[in-house]
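Input: a single structure, listed below in structure tokens.
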Amino acid sequence: MMNWIRSSASVAAASLNSLVTRESQLYRTQQLRGIRVEVYDGNVERALTVLQRKMQSSGMERLIKRAQTTHLKNSEKRVLAHKNLMHRVKSEDLARKLQGILQKKIRGL
């Protein structure tokens, strides 16, 4: 009976330890998200230019600019939703046409 308790306690401790390790690894990966820039020799201006370049290349700058800061009326939301729908329909139609052209080209027709 004592051996069973000891073995089950060690199994529980091992599973708890692996759970804590997974959570700490997840926390570390979340800590690494974002854009990091190192400042060499106190040259902050150079670090800012590197930061701006990294933000542009990762698309973060576009996301910040695109973020809505003012309230949209429901009518404006409907208009934007309709525009997005039409854009999506046109792009799907174009993709379908291009796929048909490529299939004909591959078949040699």
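109 is the number that UniProt numbering gives the last residue of the sequence shown; the numbers go up by one with no jumps.
Glycine included, each C-beta is placed from N, C-alpha and C at the ideal position.
query	result
Under 8 Å between C-beta atoms of I35 and L51	yes
Coil, strand or helix - H71 by DSSP	coil
DSSP state of I106 mapped onto helix, strand, coil	helix
Backbone CA spacing between L109 and K97 [nearest angstrom]	15 Å
N84 versus Y40: straight-line alpha-carbon distance, rounded	45 Å
Cα-Cα separation, T70 to K104	49 Å
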